[in-house]
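Working notes, beginning with the structure itself.
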Amino acid sequence: MTSTADSAMTSNEMTVASHNSAVGGAPRSEAIFLEQASVTYRSKRSGELTVALAATDVTFEAGSFTALLGPTGCGKTTLLNAVAGFVELTSGCVRIGDRKIIKPGPDRAVVLQQYALMPWMTALANVEMALERFQLSRSERAARARSFLESVGLGGAARKYPGEMSGGMQQRVALARAMAAEPSALLMDEPFGALDAITRIAMQRLLMQLWSQTTTTVLFVTHDVNEALDLAERILLMSPGPGRIVADLDLRHSDLRTNALEREKMYQEILGYLLPA
Amino acid sequence: MATLTTRRFRPAAEVTPASGETARPTDSAPVRSFRSNVAGRVVRTAATRMAVVVFCLVAWEVVARSGIISKALFPTPLETWQSARSLWRTGVVGSDLRASLGRVAVGFAIGATVGTAIGFATGYSKACSAVLGPIITFLRPIPAIAVVPLSTAWFGIGQKGKYFIVAYAVVLAVWLYVHDGVARIPPVYVRVARGYGLRPIKILGKIVLPATGPSIVSALRYGSSVAFLALVAAELGGAQNGIAYRLQVDSQFLQTGRIFVGLIELGILGVAADFLIATVGNRLVHWSST
Ligand SMILES: Nc1ncnc2c1ncn2[C@@H]1O[C@H](COP(=O)(O)OP(=O)(O)OP(=O)(O)O)[C@@H](O)[C@H]1O
Ligand SMILES: [Mg+2]
Chain Y
1 MTSTADSAMT SNEMTVASHN SAVGGAPRSE AIFLEQASVT YRSKRSGELT
51 VALAATDVTF EAGSFTALLG PTGCGKTTLL NAVAGFVELT SGCVRIGDRK
101 IIKPGPDRAV VLQQYALMPW MTALANVEMA LERFQLSRSE RAARARSFLE
151 SVGLGGAARK YPGEMSGGMQ QRVALARAMA AEPSALLMDE PFGALDAITR
201 IAMQRLLMQL WSQTTTTVLF VTHDVNEALD LAERILLMSP GPGRIVADLD
251 LRHSDLRTNA LEREKMYQEI LGYLLPA
Chain B
278 MATLTTRRFR PAAEVTPASG ETARPTDSAP VRSFRSNVAG RVVRTAATRM
328 AVVVFCLVAW EVVARSGIIS KALFPTPLET WQSARSLWRT GVVGSDLRAS
378 LGRVAVGFAI GATVGTAIGF ATGYSKACSA VLGPIITFLR PIPAIAVVPL
428 STAWFGIGQK GKYFIVAYAV VLAVWLYVHD GVARIPPVYV RVARGYGLRP
478 IKILGKIVLP ATGPSIVSAL RYGSSVAFLA LVAAELGGAQ NGIAYRLQVD
528 SQFLQTGRIF VGLIELGILG VAADFLIATV GNRLVHWSST
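Taken in sequence, the protein lines are chains Y and B.
Residue numbers 1 to 277, in the working numbering, belong to the letters of the first sequence in order.
Residue numbers 278 to 567, in the working numbering, belong to the letters of the second sequence in order.
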């Protein structure tokens with residue numbers, strides 16, 4: 001059903017118009033702080049305790065792009081959900097800017113692997129939902145939503161329902177919706193995990209383009225080492241039992257994208273952390 | 278029942294490519310063959326249904342003539358048709374239909390409204406569920422026919438009592454499906470909407486209501502069949518007209534031809550109501566794949 005034209009984006013489709021804030025001025029970005037933050041789950045059936053995130057201190061600079069990388073069950077989603085306000089901390093606190101996070105809020109947009117688009121809304125209506133809080137007029141809201149859809153190459157699909165779109169298109173709508181909310185932070189949990197390899201590369205490029213124009217703080221969960229190396233300025237390696245950060249790699253001053261040898265060294269170093277002897 | 282679920286397809290010609298580059302099929306073989314496929318399927322479905330009807334009529338005729346069941350008690354299709362025509366000419370069918378349909382329609386409308394409202398309340402709010410849940414759970418096993426004596430005591434044998442019995446049965450049926458539908462909304466929808474700062478009233482209208490849409494359609498379909506069951510209970514419990522009342526009278530005179538007419542009327546009404554609700558409903562929740 002997915003025609004190649006739908007899923008593989010050509011480069012001229014990805015002309016990203018930069019957006020001003022709906023409330024005027026450029027959208028702000030903010031730093032995120034975890035201070036001794038920990039999450040322990042209690043199983044409802046057996047009462048068994050799982051330390052999904054051991055007490056963690058970490059700061060995500062405003063406008064940075066950080067990948068959370070690690071094997072399944074190491075607490076990546078838990079950390080992200082703690083920042084999103086979806087799970088309650090067992091101890092410590094999470095702050096964004098100078099606000100303590102206690103519940104989900106429009107300052108943090110979340111993009112999940114399973115898109116989470118409303119199937120009863122058109123692509124346009126899905127994006128408009130993120131604009132509800134700005135008190136725009138109806139026509140302003142539609143126009144703004146449309147321009148965000150255009151920025152992900154879906155200007156022509158505004159009236160389609162999610163069920164009529166390919167996975168890649170749906171994820172682009174989800175991305176447009178997230179960007180439309182003008183979040184201080186963009187939280188992505190394996191967002192491209194369900195896409196085919198080519199669509200995935202196109203989406204990665206699109207994401208980088210959007211990010212470079214908005215300077216939103218991005219947390220990007222993945223278990224794909226190459227994806228982390230391709231996208232992130234910084235990689236946090238996580239390990240299970242209890243879930244914790246085991247390494248913090250700064251890639252800002254490396255030239256991994258041009259130097260294949262250095263990239264290979266970094267790749268091996270990461271595997272060294274993730275596959276202890 | 279699979280034949281009753283309708284899906285909305287867009288003709289291929291309307292589908293615009295997502296990106297501007299792909300050529301639009303203007304006048305092409307694929308479009309035509311798509312249309313003829315659809316037409317072919319419609320014709321095939323209709324033909325299958327006709328075949329089933331004809332087969333049933335023939336089987337009925339064979340059984341009736343064979344004398345397995347006494348001929349006096351088992352009319353042939355033709356005899357039934359003649360009964361129907363005479364009932365129609367004397368105006369009995371018309372007045373019975375009017376009476377019964379009125380009772381079902383009013384009772385169903387009240388029951389569906391109340392049932393949906395309570396379903397939303399108990400599905401959406403834990404507090405409502407705690408208060409109303411036990412009451413409804415207690416009432417659910419009590420069938421409409423058991424409520425007839427109470428209804429007669431309260432309302433006499435007039436219309437109000439009939440509405441009450443039908444509405445009673447429909448409330449319980451509709452409530453269960455709607456409650457379950459609301460309670461089973463994938464939490465991610467509400468979570469996402471809340472995350473984007475939608476107020477609770479908007480979440481109810483833009484997320485919870487449409488997300489429950491498919492369940493509401495199921496609820497109303499089930500509710501409509503229950504409404505006819507309750508109608509029969511209500512009319513047998515004392516009425517001066519109506520399809521089920523007529524069945525009872527005809528039974529006393531062993532007029533099996535007329536009894537068959539009444540049963541067929543009930544069947545047709547039930548199917549028609551279900552078809553109407555399913556068609557309108559599935560159009561409204563066209564995004565749902567069920
Ligand atoms: N709701 C929950 N109740 C109990 N335990 C949970 C719950 N959610 C997660 N866990 C446990 O917490 C640990 C971390 O889970 P988490 O989902 O954060 O891992 P993850 O790194 O995102 O894994 P994956 O790559 O598979 O998504 C796991 O051991 C998991 O079993
Ligand atoms: Mg996860």
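Note that CB positions come from ideal geometry on N, CA and C, so glycine has one too.
Kindly indicate if chain B contains any beta-carbon less than 8 Å away from that of residue i.
i	result
Phe148(Y)	no
Met118(Y)	yes
Phe220(Y)	no
Tyr273(Y)	no
Pro240(Y)	no
Gly75(Y)	no
Tyr41(Y)	no
Ala181(Y)	yes
Phe86(Y)	yes
Met14(Y)	Legend: pLDDT at Met14(Y) = 41, less than 50; position of this residue unreliable, no value from coordinates given.
Tyr161(Y)	yes
Pro104(Y)	yes
Val110(Y)	yes
Quick check on the DSSP output: the alpha helix (DSSP H) that includes residue i runs from which residue to which?
i	result
Val440(B)	The sequence as given places Tyr at residue 440(B); Val does not occur at that position. Taken as a continuous stretch (DSSP letters only), the alpha helix (DSSP H) holding Tyr440(B) covers Gln436 to Ala460.
Ser495(B)	Leu486 to Leu513
Gly92(Y)	Segment Ser91 to Ile96 is the beta strand (DSSP E) holding Gly92(Y); no alpha helix (DSSP H) there.
Asp248(Y)	Element bounds for Asp248(Y): not the alpha helix (DSSP H) but the beta strand (DSSP E), Arg244 to Asp250.
Tyr522(B)	Ile520 to Gln529
Leu154(Y)	Unbroken run through Leu154(Y): none, as it is neither H nor E.
Ile395(B)	Val369 to Tyr401
Gly235(Y)	It is Ile, not Gly, that sits at residue 235(Y) in the sequence shown. Where Ile235(Y) is concerned, there is no enclosing alpha helix (DSSP H), although the beta strand (DSSP E) it sits in stretches over Arg234 to Ser239.
Thr66(Y)	First-last for Thr66(Y): Phe65 to Leu69, but that is the beta strand (DSSP E), not the alpha helix (DSSP H).
Trp120(Y)	Premise fails: Trp120(Y) is in no alpha helix (DSSP H) and is neither H nor E.
To which residues of the same chain is residue i closer than 7 Å at the C-beta, ignoring the five residues directly before and after it?
i	result
Gly515(B)	Thr429 and Ile434
Cys74(Y)	Met238, Ser239, Pro240 and Gly243
Ala84(Y)	Pro104, Arg108, Val110 and Leu187
Leu513(B)	Ala521 and Gln525
Ile484(B)	Tyr466, Val467 and Ala470
Val443(B)	Arg380, Val381, Gly384, Phe385, Gly388, Ala504, Ala507, Leu508 and Ala511
Val459(B)	Gly396, Phe397, Gly400, Tyr401, Val485 and Thr489
With 8 Å as the threshold, decide whether the Cβ of residue i is near any Cβ in chain Y.
i	result
Val408(B)	no
Ala470(B)	yes
Val315(B)	no
Tyr466(B)	yes
Gly534(B)	no
Within a Cβ cutoff of 6 Å, which residues of the same chain sit near residue i, ignoring the five residues on either side of it in sequence?
i	result
His456(B)	Gly396, Thr399 and Gly400
Val94(Y)	Leu34, Ala37, Ala82, Val83 and Ile101
Lys234(Y)	A small correction: the amino acid at residue 234(Y) is Arg; Lys does not occupy that position in the sequence shown. Cβ within range, chain order: Thr66 and Asp250.
Ala176(Y)	Val127, Phe148, Leu149 and Val152
Ala300(B)	Below a pLDDT of 50, predicted positions are generally treated as unreliable, and Ala300(B), at 47, falls in that range; no measurement from the model is reported.
Leu90(Y)	Per the sequence shown, residue 90(Y) should be read as Thr rather than Leu. The residues are Ser38, Val39 and Thr40.
Determine the extent of the beta strand (DSSP E) in which residue i is found, giving its start and end residues.
i	result
Ser147(Y)	Segment Arg138 to Ser151 is the alpha helix (DSSP H) holding Ser147(Y); no beta strand (DSSP E) there.
Asp255(Y)	That residue, Asp255(Y), is in no beta strand (DSSP E); it is neither H nor E in DSSP.
Arg42(Y)	Ile32 to Arg42
Leu53(Y)	Leu49 to Phe60
Leu187(Y)	Ala185 to Asp189
Thr217(Y)	Thr217 to Thr222
Ala109(Y)	Arg108 to Leu112
Ignore the nearest five residues each way along the sequence and tell me which others in residue i's own chain have a CB closer than 8 Å to its CB.
i	result
Thr77(Y)	Asp189 and Val221
Ser360(B)	Pro352, Gln532, Gly534, Arg535, Phe537 and Val538
Pro230(B)	Residue 230(B) lies beyond the residue range present for chain B, which begins at 278 and ends at 567; the question has no answer from this structure.
Ala142(Y)	Leu124 and Glu128
Asp230(Y)	Gln204 and Arg257
Pro119(Y)	Tyr161, Pro162 and Gly163
Tyr473(B)	none
Asp551(B)	Leu281, Arg498, Ser501 and Ser502
- request: Could you list the residues in the region 472–500 of chain B with a C-beta less than 8 Å from some C-beta on chain Y, going in chain order?
  value: Gly472, Tyr473, Gly474, Leu475, Lys479, Lys483, Ile484, Pro487, Ala488 and Gly490
query: Of the residues that make up the region 127–156 of chain Y, which ones have a beta carbon closer than 7 Å to any beta carbon in chain B?
result: Met129, Ala130, Glu132, Arg133, Gly153, Leu154 and Gly156
field: Contact set between the region 550–564 of chain B and chain Y, restricted to residues whose Cβ is under 7 Å from the partner
entry: Trp564
- request: Anything with a beta carbon under 7 Å from a heavy atom of ligand 2 counts; list them all in chain order.
  value: Lys76(Y), Thr77(Y), Asp189(Y), Glu190(Y) and Val221(Y)
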